[in-house]
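Novice: This is the structure I want to talk about, given as structure tokens.
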Amino acid sequence: MAVDDNSAAASAKLPFAEQITFFRAKLNLPTKRWNDILKAAHDRAFIVAGAQKADLLQELRQIVDSAIAEGKTLQWFRDSFDAIVGKHGWSYTGPRDWRTRVIYTTNMSTSYAAGRQQQLQRFEYWRYKHNDSVQHPRPLHVSWDGLILPKDDPWWQTHYPPNGWGCRCRAVAVTPAEARRAGKMEAPDDGTYTKTDHNGVTHTIPKGIDYGWDYAPGAPGNKWDPDYNRYSPELAEQLRKHVEGGG
């Protein structure tokens with residue numbers, strides 16, 4: 001049965017092989033904006049928005065790796081981040097505490113979710129579990145709490161948690177007997193909304209899910225078709241080998 005932890009911080013204290021392997025399989029990818037790549041592309045690439053120098057990005061990756069593999073705290077991450085920023089003279093955007101929390105919690109929660117995704121494949125039914133300890137619960141996330149669906153239900157393709165910045169929801173396994181006792185459940189249709197990005201592309205997103213989070217980290221079959229022309233020839237070749245070779 002999948003372990004149900006209460007937060008990204010809690011999962012950081014319980015690293016497991018699938019979580020670590022998922023993160024370490026990523027390729028460093030310099031970007032200007034956080035949404036230069038979206039959804040399943042994050043399964044294959046490690047980014048920190050605005051970190052475009054290879055050595056800077058690599059050092060940031062190393063402290064994220066340590067946080068995941070060794071259960072380092074957010075305060076440790078912040079101290080390490082400060083040292084790297086000072087060394088490279090990086091002028092990042094946003095307040096320091098907010099920026100470090102986003103980098104830390106996003107990588108913790110998505111790597112955790114991807115690792116659990118692999119473990120959950122052994123079970124036929126999954127249950128959505130809302131974390132009731134959050135200060136500002138999202139109403140739709142609360143409404144999904146307890147929902148049991150087959151693992152191959154299309155709903156999980158967009159709603160497998162986390163479903164937004166700071167989301168602490170989890171998917172946990174249930175046995176066939178538990179699923180039978182719960183009775184047949186249908187995936188809810190809560191509608192959609194649209195978001196137009198900086199390139200003028202309009203995205204249609206299920207309500208209750210933040211822009212860019214409507215995907216299942218680590219899901220089998222996740223694919224990414226990069227625009228190689230956006231990158232230098234050297235990086236494009238590395239990226240091509242990484243993507244076409246399976247990462």
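Start counting the sequence shown at 1; every next residue gets the next number (full-length UniProt numbering). No residue lacks a Cβ here, since even glycine has one placed at the ideal position from N, Cα and C. Bear in mind the structure is a predicted one, so any value in this text is a computation, not a measurement.
1. So, are the CB atoms of Ser111 and Phe23 less than 7 angstroms apart?
2. Helix, strand or coil, according to DSSP, for Lys26 in the structure here?
3. With DSSP collapsed to three states, give me the class of residue 282.
4. Counting along the chain, where does the beta strand (DSSP E) carrying Arg170 start and finish?
5. Where do the N-terminal and C-terminal ends of the alpha helix (DSSP H) with Ile84 fall, by residue?
6. Would Pro217 pass as a contact of Ala113 if the rule is Cβ separation under 7 angstroms?
7. Let me check one thing: in DSSP terms, what residues is Thr192 bridge-paired to?
8. Can the beta-carbon of Met185 be found less than 7 angstroms from the beta-carbon of Ile148?
9. Out of Lys241, Val102, Ala17, Glu124, point me to the one whose CA is closest to Trp165's CA.
10. Tell me Lys241's beta-bridge partners as DSSP assigns them.
11. Under a three-way DSSP split, which group does His61 fall into?
12. Go ahead and pull the three-state DSSP assignment for Ala181.
13. To the nearest angstrom, report how far apart Ser66 and Lys151 are at their CA atoms.
14. I'd like to check one pair, Leu140 with Asp190: are the Cβ atoms closer than 7 angstroms?
15. For Arg127, which beta-bridge partners are listed by DSSP?
16. For Phe46, which beta-bridge partners are listed by DSSP?
17. Please classify Tyr193: is it buried, with 16 or more other beta-carbons within 10 angstroms of its beta-carbon, or exposed?
18. Relative to the C-alpha of Cys167, which candidate in Ala51, Pro154, Ala173, Val142 has its C-alpha closest?
19. Ala173 and Leu120 - do their beta-carbons sit closer together than 7 angstroms?
20. On a CA-only basis, which of Thr106, Tyr231, Asp197, Ala177 is nearest Asn163? Give me that one, please.
21. Where do the ends of the alpha helix (DSSP H) carrying Gly115 lie?
Specialist: So, to answer that:
1. The Cβ-Cβ distance between Ser111 and Phe23 falls below 7 angstroms.
2. Assignment of Lys26 by DSSP, reduced to helix, strand and coil, places it in the coil class.
3. Since the displayed the chain opens at 1 and closes at 247, residue 282 lies outside it and no answer follows.
4. For Arg170, the uninterrupted beta strand (DSSP E) run begins and ends at 170-174, by DSSP.
5. Start and end: 74-88.
6. Against a cut-off of 7 angstroms, the Cβ pair of Ala113 and Pro217 comes out as a contact.
7. Looking at the DSSP output, Thr192 sits in a beta bridge with Pro206.
8. A distance below 7 angstroms separates the beta carbons of Met185 and Ile148.
9. Closest by alpha carbon: Val102.
10. Answer is none; Lys241 lacks a bridge partner.
11. Reading the sequence as shown, one finds Arg at residue 61 and not His. Three-state result, Arg61: helix.
12. Position check: residue 181 holds Arg in this sequence, whereas Ala was assumed. Three-state DSSP puts Arg181 in a helix.
13. Distance between the alpha carbons of Ser66 and Lys151 is about 31 angstroms.
14. Contact: yes.
15. According to DSSP, which records beta bridges pairwise, Arg127 is partnered with Ile148, Val172.
16. Answer by DSSP bridge pairing, in chain order: Asn28.
17. With fewer than 16 neighbouring CB atoms inside 10 Å of its own CB, Tyr193 falls in the exposed class.
18. For the set Ala51, Pro154, Ala173, Val142, the Cα lying nearest the Cα of Cys167 is the one of Val142.
19. The answer is yes: Cβ separation under 7 angstroms.
20. Nearest C-alpha to Asn163: Thr106.
21. For Gly115, the enclosing alpha helix (DSSP H) stretches over residues 96-120.
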